[in-house]
Amino acid sequence: MLIIGECLSIISKKVREAILKRDKEPIQKIAIEQWKSGAHMIEANIGPAEDDGEKLMEWMVTTIQEAVPLPVSLDTTNPHAMEAGLKVHNNQWGKPLINSTSLDPDRFIMFELSAKYNAPIIALTVGKGGLPRDAEERVEIAVKLMEKAVEYGIPFEDIYLDPLVLQISTSQQQAKEALRAIKLFQELNDPPMKTILGLSNISNGCPKHIRPILNRYFLALLMYEGLSAAIVNPSEVIETIKTIDVIMGKTLYAHSYLEI
Amino acid sequence: MSFTIPKETYTGRIPEIVFGKEKKVFIGGESSLPFLKFEGDFPHKPLIAFEIQDDIPEDYPDELKSVYSSVWDDPVRWAKYCESLGAEAIALRLMSTHPDSKNAKPEESADKVKRILSEINSPLIILGSNHTEKDSEVLPVVADASRGYNCIIGKAQEGNYKTIAASAMAGGHSLIAMSELDVNLAKQLNILITQMGFQKEKLIIDPMCSALGYGFEYTYSVMERIRIAGLIQGDSMLCVPMVADVGFYVWKTKEVQATEEDIPEWGSLHERAVIWEAVTACCFLLSGAELLIMRHPEAIGITKKFIEQLCLS
Chain A
1 MLIIGECLSI
11 ISKKVREAIL
21 KRDKEPIQKI
31 AIEQWKSGAH
41 MIEANIGPAE
51 DDGEKLMEWM
61 VTTIQEAVPL
71 PVSLDTTNPH
81 AMEAGLKVHN
91 NQWGKPLINS
101 TSLDPDRFIM
111 FELSAKYNAP
121 IIALTVGKGG
131 LPRDAEERVE
141 IAVKLMEKAV
151 EYGIPFEDIY
161 LDPLVLQIST
171 SQQQAKEALR
181 AIKLFQELND
191 PPMKTILGLS
201 NISNGCPKHI
211 RPILNRYFLA
221 LLMYEGLSAA
231 IVNPSEVIET
241 IKTIDVIMGK
251 TLYAHSYLEI
Chain B
261 MSFTIPKETY
271 TGRIPEIVFG
281 KEKKVFIGGE
291 SSLPFLKFEG
301 DFPHKPLIAF
311 EIQDDIPEDY
321 PDELKSVYSS
331 VWDDPVRWAK
341 YCESLGAEAI
351 ALRLMSTHPD
361 SKNAKPEESA
371 DKVKRILSEI
381 NSPLIILGSN
391 HTEKDSEVLP
401 VVADASRGYN
411 CIIGKAQEGN
421 YKTIAASAMA
431 GGHSLIAMSE
441 LDVNLAKQLN
451 ILITQMGFQK
461 EKLIIDPMCS
471 ALGYGFEYTY
481 SVMERIRIAG
491 LIQGDSMLCV
501 PMVADVGFYV
511 WKTKEVQATE
521 EDIPEWGSLH
531 ERAVIWEAVT
541 ACCFLLSGAE
551 LLIMRHPEAI
561 GITKKFIEQL
571 CLS
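Heads up: the protein sequence lines correspond to chains A and B, in order.
Position one of the first sequence corresponds to residue 1 (our numbering), numbered consecutively onward.
Position one of the second sequence corresponds to residue 261 (our numbering), numbered consecutively onward.
As structure tokens, this is what we get:
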């Protein structure tokens with residue numbers, strides 16, 4: 001499973017301060033920690049970045065890739081910032097990931113960038129009209145997103161369908177719907193469509209000590225359903241991932257499997 | 261419609277091991293299953309080492325005795341004789357160190373190893389007697405005595421890997437890690453050895469060999485699984501060359517010893533014995549062995565021919 005480190009987010013106070021001061025050190029430290037904990041890709045979440053988004057994304061991507069030999073997942077709603085990030089991304093260690101598009105027409109420009117830069121893209125199964133109620137609605141949106149991808153000439157293997165998981169504390173039923181959606185998404189194509197999820201959203205708003213527990217168990221269920229990628233805090237979930245990979249027969253068991 | 265051969269894609273590549281000082285030989289380096297050159301690289305032919313022992317063997321049957329008895333009282337002469345038969349590498353088994361044999365001291369073994377190394381050109385594999393405790397006394401001493409000769413030392417097992425791996429590392433040698441017919445244990449032992457700081461690129465797996473008719477299928481399928489896990493699933497701990505210690509197991513079987521008088525329907529003892537070792541060896545090449553340790557020159561000849569033919573094209 002593709003592990004994308006979520007910790008470089010503008011939502012985090014530490015990261016926000018470093019960004020404001022353009023202080024590379026804390027950013028690179030967090031990137032390295034995530035890489036050492038098993039991340040295959042580092043997420044750079046700069047939010048809407050309305051002011052100076054292009055410079056900011058450039059700075060984030062180069063700062064991260066100076067420190068770790070990994071590709072970057074670019075998370076912003078600002079298409080100019082997105083394009084600036086794609087331009088400076090060093091593809092030597094893999095392609096960047098565009099986070100994200102959806103069925104909101106304002107976000108179709110991300111499809112355009114995906115096609116232009118030959119970069120995989122996350123497609124959130126939400127439209128403009130609000131959040132989907134169940135797995136079936138998510139699948140309907142997914143099909144429309146796949147049609148859009150065809151229009152833009154993006155191969156299905158470059159699409160990561162994201163069912164969007166909501167907070168368990170306020171939308172308990174949605175966790176199960178997201179799980180079902182992961183399973184159903186894969187049936188939309190042969191070979192199966194790729195799936196992704198921003199894991200920690202499930203435990204948003206929950207007490208701090210419960211959050212890792214919810215995240216880990218939810219991830220185990222998602223992996224059982226065949227999740228292909230996850231945006232996570234690597235150090236929090238790496239044991240879960242290694243263990244489920246062993247249980248599912250993806251890696252060969254050895255007594256020290258957690259140590260490698 | 262034109263036909264395209266379906267090809268497997270591989271995620272791993274077996275490290276290349278080079279050993280020897282003056283004369284060097286290579287094993288491994290491939291990125292495809294055995295001999296499937298159309299799918300990936302298969303840069304080196306599997307290597308056959310002639311086995312010799314440090315003292316007169318106690319259990320060699322007549323078919324081996326007739327080949328080696330004129331030289332086997334002196335390991336240097338024995339090694340040179342193998343070289344004259346075309347050996348590309350020599351595997352010295354320190355059988356006399358076994359407590360049930362002569363319980364020879366590590367220093368005696370070290371002297372023999374030094375003598376052999378100074379007299380022959382071929383790369384050397386140095387094997388203990390497979391006695392866990394004794395090997396952990398003997399192998400560190402011989403690994404030190406052969407420092408700089410870039411040998412292969414073996415075999416490290418679960419019960420003694422720490423001392424043996426440390427001394428192989430200090431002596432600059434490659435190392436055979438043996439586990440008992442289990443893919444998970446093979447992986448575990450490699451993890452433990454590399455956690456000590458031993459370079460994965462100098463490890464060789466011995467999945468524990470066997471002879472045709474005596475558990476052969478177990479070794480075969482374990483080797484096959486190790487190779488597939490390493491090359492296709494990308495399991496780096498199992499992406500390692502493998503050795504099949506063929507002669508040691510084959511020459512204990514009834515088929516290489518029973519006389520024509522005892523079992524006339526089995527036909528010629530000589531042919532039967534030679535072919536038993538050759539067939540066992542050839543099959544292990546197909547399951548992924550890069551290095552074979554064998555005894556009878558005629559069986560080695562047949563196996564070499566088999567390798568040549570598979571490597572054509």
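Idealized CB from N, CA, C, for every residue including glycine.
If I'm right that residue i touches residue j with Cβ under 8 Å, what's the distance once you round it to whole angstroms?
i: ILE464 of chain B; j: VAL500 of chain B; result: 7 Å
i: VAL506 of chain B; j: GLU537 of chain B; result: 6 Å
i: ILE42 of chain A; j: GLY94 of chain A; result: Not confirmed; about 11 Å, so no contact.
i: ALA230 of chain A; j: ILE3 of chain A; result: 7 Å
i: VAL327 of chain B; j: HIS556 of chain B; result: 7 Å
i: GLU261 of chain A; j: VAL88 of chain A; result: Outside the shown range of chain A (1 to 260) lies residue 261 of chain A, about which nothing can therefore be said.
i: PRO96 of chain A; j: LEU86 of chain A; result: 6 Å
i: LEU164 of chain A; j: THR125 of chain A; result: 6 Å
i: TYR253 of chain A; j: ASN450 of chain B; result: About 13 Å separates the two Cβ atoms, so there is no contact after all.
Alpha carbon to alpha carbon, how far is residue i from residue j?
i: VAL139 of chain A; j: ASP162 of chain A; result: 10 Å
i: ALA18 of chain A; j: ALA84 of chain A; result: 20 Å
i: TYR341 of chain B; j: ILE350 of chain B; result: 11 Å
i: ASP315 of chain B; j: LEU491 of chain B; result: 40 Å
i: ILE535 of chain B; j: GLU290 of chain B; result: 28 Å
i: VAL373 of chain B; j: LEU387 of chain B; result: 11 Å
i: LYS13 of chain A; j: CYS7 of chain A; result: 11 Å
i: ASP106 of chain A; j: ILE141 of chain A; result: 16 Å
i: PHE185 of chain A; j: GLY129 of chain A; result: 21 Å
i: GLY384 of chain B; j: VAL401 of chain B; result: Here residue 384 of chain B turns out to be Leu, not Gly, going by the sequence shown. Distance between the alpha carbons of LEU384 of chain B and VAL401 of chain B: 16 Å.
i: MET497 of chain B; j: GLU397 of chain B; result: 27 Å
i: ASN78 of chain A; j: GLY53 of chain A; result: 7 Å
i: ALA425 of chain B; j: ILE121 of chain A; result: 47 Å
i: ASP261 of chain A; j: ARG532 of chain B; result: Since the first residue shown for chain A is 1 and the last is 260, residue 261 of chain A is missing from the structure and cannot be characterised.
i: ILE241 of chain A; j: GLU323 of chain B; result: 55 Å
i: LEU345 of chain B; j: ILE287 of chain B; result: 21 Å
i: PRO266 of chain B; j: GLU299 of chain B; result: 9 Å
i: ILE553 of chain B; j: HIS433 of chain B; result: 18 Å
i: SER228 of chain A; j: TYR217 of chain A; result: 16 Å
i: LYS462 of chain B; j: GLU187 of chain A; result: 44 Å
i: MET60 of chain A; j: ASP51 of chain A; result: 15 Å
i: SER171 of chain A; j: TYR224 of chain A; result: 22 Å
i: SER256 of chain A; j: TRP332 of chain B; result: 44 Å
Output, in chain order, the set of chain A residues within a Cβ distance shorter than 8 Å of residue i.
i: VAL443 of chain B; result: LEU252
i: ASP333 of chain B; result: Within chain A, no residue comes near ASP333 of chain B; the closest Cβ sits about 44 Å away, beyond 8 Å.
i: ALA430 of chain B; result: Here the premise fails: no neighbours, minimum Cβ distance about 24 Å.
i: LEU307 of chain B; result: Simply none; closest approach about 27 Å.
i: LEU435 of chain B; result: Simply none; closest approach about 18 Å.
i: LEU498 of chain B; result: LEU252
In chain B, which residues lie with their C-beta within 8 Å of the C-beta of residue i?
i: HIS80 of chain A; result: Under the 8 Å cutoff, chain B gives no residues; its nearest Cβ is about 37 Å from HIS80 of chain A.
i: GLU259 of chain A; result: ILE451 and GLN455
i: SER256 of chain A; result: GLN448, ILE451, LEU452 and GLN455
Identify the contact partners of residue i in chain A, using a Cβ-Cβ distance below 7 Å as the criterion.
i: LEU570 of chain B; result: In chain order: nothing, as chain A lies at least about 28 Å away.
i: ASP495 of chain B; result: THR251 and LEU252
i: ALA489 of chain B; result: LEU252
Does the distance between the C-beta of residue i and the nearest non-hydrogen atom of the ligand NAD fall short of 7 Å?
i: ASN90 of chain A; result: Of ligands this structure carries none, so the ligand NAD is not represented either.
For this session: Identify every run of the alpha helix (DSSP H) within the segment 397-445 of chain B, keeping only runs that are complete inside it and at least 4 residues long; order them along the chain.
Result: 421-431
For this session: Mind checking the segment 442-464 of chain B against chain A and listing, in chain order, the residues whose C-beta falls within less than 9 Å of any C-beta there?
Result: Of all residues in the segment 442-464 of chain B, VAL443, ASN444, LEU445, ALA446, LYS447, GLN448, LEU449, ASN450, ILE451, LEU452, THR454 and GLN455 have a Cβ within less than 9 Å of some Cβ in chain A.
For this session: Please name the residues in the segment 537-567 of chain B whose beta-carbon is closer than 8 Å to at least one beta-carbon of chain A, in chain order.
Result: none
Exercise. At which residue ranges does the segment 476-535 of chain B contain complete beta strand (DSSP E) runs of 3 or more residues, listed in the order of the chain?
Worked result: For the segment 476-535 of chain B, there is no continuous beta strand (DSSP E) assignment of 3+ residues that stays within its boundaries.
For this session: Go through the segment 191-250 of chain A residue by residue and report every complete run of the alpha helix (DSSP H) that reaches 4 residues or more, in order.
Result: 211-225 and 234-247
Problem set entry | Any beta strand (DSSP E) of 3 or more consecutive residues that is wholly inside the segment 19-64 of chain A | 41-47
Problem set entry | Ordered list of alpha helix (DSSP H) runs contained in the segment 131-203 of chain A, each at least 4 residues | 135-152 and 172-186
Problem set entry | Completely contained alpha helix (DSSP H) runs for the segment 324-388 of chain B, where each covers 4 or more residues | As far as the segment 324-388 of chain B is concerned, its whole alpha helix (DSSP H) runs of at least 4 residues are 335-344 and 366-379.
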